[in-house]
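Let me begin by presenting the structure, written as structure tokens, before commenting on it.
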Amino acid sequence: MALPQRIAAIPSYIPKELKDTAPGHRFQLYLEHWQGQNGNTFTPYKKARPQGKDERTLFDRECAGVLKDLCLLPPSSLDALKGIRTRQQTLLAHYGSSGYRISATSTAPFATGLGNEHPIENGFAFLTPYGLPYLAGSGVKGILRRAAEELALQNETQQPGDWTWLAVWCLFGFEGAVDKGSLWDATSTLGQAFLRDLSKTAVQPDLYALIRTLFAGSKEGARFLDTENQGTEQFLRACMAGKSLRGGLQCRGALDFWDVFPNPAGGKLVVEIMTPHYSKYYQGEETPHDSGAPIPVSFLAVPARSQFDFHAICHPSRLPESLKNQWRVLLDRAFRHAFEWVGFGAKTSVGYGAMEKDLAAQKRHEEAHQAAQDAARKDQEKRSREEANSRLSPAMRAAQEFFEARVDTNQSELSTLFGGLKKGVWSSDTKFEIAQYVRQLMIKDKKWKEKSEKKNPAKDNDHQDTLMVMKCLGSGK
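Just add 1446 to wherever you are in the sequence shown, counting from 1, and you've got the numbering used here.
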């Protein structure tokens, strides 16, 4: 039996050669996973699965081949990926000390967006219009929040300096509407740990500021600010009691996370396979048993040893004083915990999405970031000098330019300008005005001596220098 033709459901005027097309476009728009009927309509290729064993084997291999065909990132996609990652680095430099970056290398394949609708049943997250794999910043924030909550769970003392429940709220935001499995669920592990720490959290001074933010100064929240009646503890217990109070409460945290664009190892994606053994049991058709035939299911992934750069921006104005100097250390701990124990993307429960900090890349990025900051600082200083020089007289501008052009950068301004006068660099009014300025510098440094107290005035350097300047001023002999 001849296999049906595998084609892309695209108009005839679109080129058939798609090798230089981004993998996301080939996966979502130009997927060769259809069969044509009468040259006009398209039906899913999987519906044409033949009955014979050998034919099914060839057919399944052909189906899997559609993913392998689009794994390689063409040169245009690699250039676009490099450009995006470079722009993120450049933009981060503008945030200065409020920017955060950590580099990682995946130790296992990374998959995301598998639940997206797609003809092959397993989707993948590609960012339009680039057609490149990515992990949304909201997904990064969710994973980091989970990691921070797990670390707060381990902090039984709830002392500042480590992750606390209050630190989680300040950095990631307060979410009152969530329930099942969260810290508001008393039956969950997080909920039980929060109940254990509730009294310790209630006495933290920064909780008052959070309550004011949540209630925006309304009278409803005033009772929870009563220190005599333990208002903060009443607030936390009311939140644990149900959604009637906390359901409408929310505030934004201090951290913003950017989308992550992985740099795939080898410049290509990989095809992973999962083999559900109990499909009929999951579909409710029969009880589970070991004699069922597993059905291989293919899906895309970013291979292990790929590079990931995570970026975050902190807004210190949203933080209490106690966290303004700690947020970076806390974020380091959250990322380390997420890399080792939580994972990013899909299928983390079976090992996907695990990572480790890339120390070499981190060092390179920190050096590049420091170099960019130094260059920006020097550029700012240069502009400030130029602005200041523009307000100077022509003579003083000439003095400033002469001083900045000195060979020995350790030479003082007085020594440099005195040397210029001695060599006769300037003349006329310029010389006179610079000599006046040098006189002021000498008086300030207590080097101006019109009369010498030494027996041999010729050996009194300060006196001789004073005479030379006076000569330039026209008052010396």
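Virtual Cβ for every residue (Gly too), placed ideally from N, Cα, C. These numbers were taken from a predicted model, which means no experiment stands behind them.
query	result
What are the uninterrupted segments assigned as beta strand (DSSP E) that are 3 or more residues long and contained completely in the region 1460-1529, given in chain order?	1480-1483, 1487-1490
Just tell me which of GLN1772, PRO1575, GLN1451, GLN1680 has its CA closest to the CA of GLU1508.	GLN1451
At which residues does the alpha helix (DSSP H) containing LYS1895 begin and terminate?	Careful: LYS1895 lies outside any alpha helix (DSSP H) and carries neither H nor E.
Between the alpha carbons of ASP1652 and VAL1788, how many angstroms are there, rounded?	29 Å
In the DSSP assignment, what are the bridge partners of VAL1716?	ALA1747
Got a sec, what are the start and stop residues for the alpha helix (DSSP H) ILE1741 sits in?	Per DSSP, ILE1741 belongs to no alpha helix (DSSP H) and is neither H nor E.
Quick check on GLN1886: buried or exposed, where buried means 16 or more other Cβ atoms within 10 Å of its Cβ?	exposed
Would the beta-carbon of PHE1703 fall within 9 Å of that of ILE1530?	no
Buried or exposed: which applies to ASP1672, given that a residue is buried once 16 or more other Cβ atoms fall within 10 Å of its Cβ?	exposed
Which residues bound the alpha helix (DSSP H) around GLU1832?	1805-1836
Under a three-way DSSP split, which group does ASN1709 fall into?	strand
To the nearest whole angstrom, what separates the beta carbons of HIS1757 and LEU1538, a pair I think is in contact under 8 Å?	6 Å
Pull up the distance between the alpha-carbon of ASP1506 and that of THR1721, whole angstroms please.	14 Å
In the structure shown, what three-state DSSP assignment does HIS1783 receive?	helix
Which residues bound the beta strand (DSSP E) around LEU1701?	1701-1703
Write down the C-beta distance between ARG1751 and THR1551 rounded to the nearest angstrom, noting that I regard them as a contact closer than 8 Å.	6 Å
Please classify GLU1563 as buried or exposed, where buried requires at least 16 other C-beta atoms within 10 Å of its C-beta.	exposed
Straight-line CA distance for ALA1844 to PHE1878?	12 Å
Flag this pair as yes or no: are the beta carbons of ALA1623 and GLN1729 separated by less than 9 Å?	no
By Cβ distance, which residues of its chain are closer than 8 Å to MET1842, with the 5 residues on each side in sequence left out?	GLU1879, ILE1880, TYR1883
For the 8 Å Cβ check, are there 3 or more pairs between the region 1508-1524 and the region 1457-1466?	yes
Should the region 1542-1561 be called in touch with the region 1765-1785, which here means at least 3 C-beta pairs below 8 Å?	yes
Alpha carbon to alpha carbon, what distance is there between PRO1762 and LEU1838?	39 Å
When we look at the beta-carbon of THR1635 and count the other beta-carbons within 10 Å, is it buried (16 or more) or exposed?	exposed
Take every Cβ of the region 1726-1742, pair it with every Cβ of the region 1768-1777, and state whether three or more of those distances are shorter than 8 Å.	no
Below 8 Å on the Cβ atoms is my contact criterion, and I expect PRO1565 with LEU1629 to pass it. Report the Cβ-Cβ distance as a whole number of Å.	In fact, because the Cβ distance is near 40 Å, the residues do not count as touching under 8 Å.
Buried or exposed, going by whether 16 or more other CB atoms sit within 10 Å of the CB of PRO1575?	exposed
Find the nearest neighbour of THR1503 within the set GLN1808, PRO1742, LEU1765, ASN1902, judged by alpha-carbon distance.	PRO1742
Please state the DSSP three-state secondary structure of PHE1670.	helix
The alpha helix (DSSP H) spanning PHE1848 covers which residue range?	1840-1850
Per the DSSP calculation, GLY1545 is bridged to which residue(s)?	ILE1759
For ALA1860 versus LYS1895, is the C-beta spacing smaller than 9 Å?	The sequence given here has Leu at residue 1860, not Ala. Cβ atoms of LEU1860 and LYS1895: not closer than 9 Å.
What residues are listed by DSSP as bridge partners for ILE1453?	TRP1480
Confirm the yes/no value for this check: CB of GLU1813, any heavy atom of the ligand SAM, distance under 8 Å.	The model on display carries no ligand, and the ligand SAM is accordingly not part of it.
Determine the direct distance from the alpha carbon of LEU1560 to that of LEU1769, and round the result to whole angstroms.	37 Å
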